[in-house]
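Take the sequence shown: its letters are residues 4 to 635, numbered as in this note's numbering.
Ideal placement from N, C-alpha and C gives every residue a C-beta, glycine not left out.
Fair warning: this is a prediction, and the values are worked out from it, not measured in the lab.
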Amino acid sequence: RERGIIPSITVHNFMISSLHKASVFDVAAWLWEEMNITGVKPNHFTYTLLIDLYSKKGKTEEALKMFEEMKFSGLVPNETTYNSVINMLVGQGKQEDALWLFDDMRSQGIVPSRYTCASILNICSKRGDRQHALLILSEMERNSIDADEVIYSILISLYGRLGLYEDAEITFKEMGKTGLLTHERTYVAMSGVYMKAGAYDKALKVLEDMKAKNVQFSKFAWRALLHCHVMQRSVKSAEMTFHTMFTSGYLDKVAYSNMLNLYADAGLIEKAKALIIQLRGCSVEIDGGLYGTIMKLYRKAGMIRDAEILFKEIEGKGMIVDEILKTTLMQAYGESGRLSDAENLFRSIKNPDSVALGSMLYLYRSYGHEEDAKVIHKKLLEKSSGISTTSQLIVRFVKEGEISKAKSLNDEMVDIGLQPDDSALGSLINFYGKKNQLGEALNLFRTLSSSGSPPGRFVYNSIIDACAKCGKLEDAFHFFKEMEEQGHSHDCVVISSMVNAFTKEGKFKEAEELIQKTCENGIVLDTIVYNTFIKAKLDAGKLEDAINLFIDMQAAGIVPSLQTHNTMISVFKKAGELQNAVQIFNSLQTSGISVDEKAYSNMIRFYGKAGCFQDASKLFSRMQQEDIKPGK
């Protein structure tokens, strides 16, 4: 260059290649500028090297600009170049651009790498885009790209997001058969699917299998395990997991939040206080979310003074006190009899959302301030989520036995031509059914039917159950058929209600026919239906039928619940088959389900009746060791 000789493209490529290997970006960028100034025309290799270097350095605009220049010059980027840019875009969260480029790559007939397929599948998983994911899998199959554990793991997560739990489970089991289950990511993904479905026992089993196979637990696996124990309200197991995370340096905001919520729900306030002290003394930063968890704890515990101090602490740190924190303190004030303080805090919220409005509406209704409540309710129903929030309040009042308050909210909505969600209407109908007030339930159902908005499946389930509970089998069966005519498929809940109604009237044949028809229609019966029918057979003294049903249940792969075990112990007790009862009890102990007082007491009485006093005494001692108090 000093002699005025312009190096050839080969020399430039050699220099850029050396700089690429050494990841020396600045000098490579300078060389590119020199090439432009001196008029050295880049070739395919030049573009490939520089685009890859720009991509690795996260220089998105430069990489994309060079990529477009390459295509404009008539050069077709190869697989490596496409993969580099796509993976850069994925890493920066630019999903739309990455998907567009992937489709462009396919249109050029270029086969993507397995890594790129995994990256795009991960985008599809996050977006819940099953159609695009299936397209990629089809492309992989056509190009003989074998799916590895990473790709299968992404698929499991995708199925979980879409609610396709069975597909996720099948994929997971197939991976086990083919020897692809080696990484904790896959186990955590499957446990996450089960947790989303509310099947925490299955999620726990996946993580326990992972541990048994000596697959190393990462922070994410421990976090999933802790969440399982918290959701199962297993304080002892959660504390052991939390301690392990502490010694391993895995504790974070999520772990502390989980434990604080567990202690709050269990009423273990002193333990929660100790945990807050530990939290303040460690390196975990208390952010707005964690402050919110602590505020909720103080509210549940009625620790108003501590909540006020926390509120001032947040303000003192210069943090923005959001609506959630204000609403929580507002609720705490209202629940402790300080309505005026709650009102003042509510007024400080410039534009209250549906949660704040709903909380204030609940307080005004609870205090009997009807006019104020109506004003707030009107404002709430102007919000996009107003109907949903009012529906939740109706459900809450029903649970609290405040049926007049729940009915008032429903009537106020109906008066202005609105209708609560099915969950709210169903809860009202369920309440009337339990109280044997079938007339009220039917009136509510008819009002809904005549409003021009047909009842949903949940409402039909509720009216059928109400009729069944009130001994009106014909009415229940009428709505059961009407539900099907309206295009609503029968689920396990309504099947269970009808089975219960039939068996209460001694119509076991009709119940059996319904179950048989249900199975023929491809509906998989659940634990509740089997429990209902087994219990009915026990009450009717049809012990052999009860035992056969239990065998059918196991053969169908349906996992027995605590109620199933307790009922079967009673069946074998009534049949005088001690060894079978012991086998059921032992199965319960190894199932991972917490054994309750009823199961212990049932077995202790059976041992006593059979003259096995030593076994009864041992079981009673074990019951005391488990800190289970005997019933009366």
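May I have the straight-line CA-CA distance separating residue i from residue j, to the nearest angstrom?
i      : j      : result
Gln519 : Ser499 : 13 Å
Tyr533 : Tyr197 : 22 Å
Ile466 : Ser430 : 10 Å
Phe314 : Thr392 : 26 Å
Ala206 : Asp151 : 23 Å
Gly340 : Lys621 : 50 Å
Leu52  : Cys120 : 22 Å
Gln1   : Pro458 : An answer regarding residue 1 cannot be provided, because it is not within the stretch 4 to 635 covered by the chain.
Asp204 : Cys231 : 8 Å
Ala345 : Tyr301 : 15 Å
Asn16  : Met73  : 15 Å
Glu36  : Gly94  : 27 Å
Asn551 : Leu184 : 37 Å
Ile289 : Lys176 : 40 Å
Ala192 : Ile323 : 35 Å
Tyr253 : Glu508 : 57 Å
Ile157 : Leu210 : 18 Å
Lys540 : Asn569 : 14 Å
Leu447 : Ser454 : 11 Å
Ser260 : Glu373 : 37 Å
Ser141 : Ala66  : 29 Å
Ser343 : Ala258 : 36 Å
Arg164 : Lys353 : 36 Å
Tyr190 : Lys222 : 13 Å
Phe167 : Leu428 : According to the sequence shown, residue 167 is Leu rather than Phe. Going from the Cα of Leu167 to the Cα of Leu428 covers about 28 Å.
Ser426 : Ser116 : 48 Å
Val562 : Ser604 : 23 Å
Met91  : Lys62  : 9 Å
Ala543 : Met556 : 19 Å
Which of helix, strand or coil does DSSP assign to residue i?
i      : result
Asp132 : coil
Gly284 : coil
Ala376 : helix
Asn589 : helix
Ala31  : helix
Asn524 : coil
Ser221 : coil
Cys127 : helix
Ser391 : helix
His491 : coil
Cys473 : coil
Val562 : coil
Ala613 : coil
Glu485 : helix
Ser430 : helix
Asp555 : helix
Gln422 : coil
Ile148 : coil
Leu412 : helix
Met18  : helix
Ile54  : helix
Would you please state the rounded distance, in angstroms, between the beta carbons of residue i and residue j? I believe it to be under 8 Å.
i      : j      : result
Ile379 : Leu364 : 5 Å
Ala241 : Leu265 : 6 Å
Leu1   : Thr244 : Beyond the ends of the chain as shown, which are 4 and 635, falls residue 1; an answer cannot be given.
Ser456 : Gln422 : 6 Å
Gly595 : Lys208 : 7 Å
Pro87  : Ser58  : Sequence inspection shows Ser at residue 87; the Pro mentioned does not correspond to that position. Their Cβ separation, rounded to whole angstroms, is 4 Å, which keeps Ser87 and Ser58 in contact under 8 Å.
Buried or exposed for residue i, going by 16 or more other Cβ atoms inside 10 Å?
i      : result
Cys470 : buried
Asn217 : exposed
Cys285 : exposed
Val43  : buried
Ala584 : buried
Cys522 : exposed
Asp2   : The question about residue 2 has no answer here: the residues shown for the chain are numbered 4 through 635.
His493 : buried
Asn347 : exposed
Gln334 : buried
Val137 : Looking at the sequence itself, residue 137 is Leu, so the reference to Val does not match. Burial call: exposed.
Val574 : buried
I want to see whether chain E comes within less than 9 Å of residue i, judged by CB atoms only; does it?
i     : result
Ser76 : Of the protein chains in the structure, only one exists, and it is not chain E.
>> Quick check for students: name the residue ranges of the alpha helix (DSSP H) that lie wholly in the segment 311-362, counting only runs of 4 or more.
In response: 326-338, 342-350
> In chain order, which alpha helix (DSSP H) runs of at least 4 residues are fully inside the segment 150-197?
Replying inline: 152-164, 168-180
> If you scan the segment 224-300 from start to end, which runs of the alpha helix (DSSP H) of 4 or more residues do you find wholly inside it?
Replying inline: 238-251, 256-269, 272-283
> Which ranges does the alpha helix (DSSP H) cover as unbroken runs of at least 4 residues, wholly within the segment 85-121, from first to last along the chain?
Replying inline: 98-110
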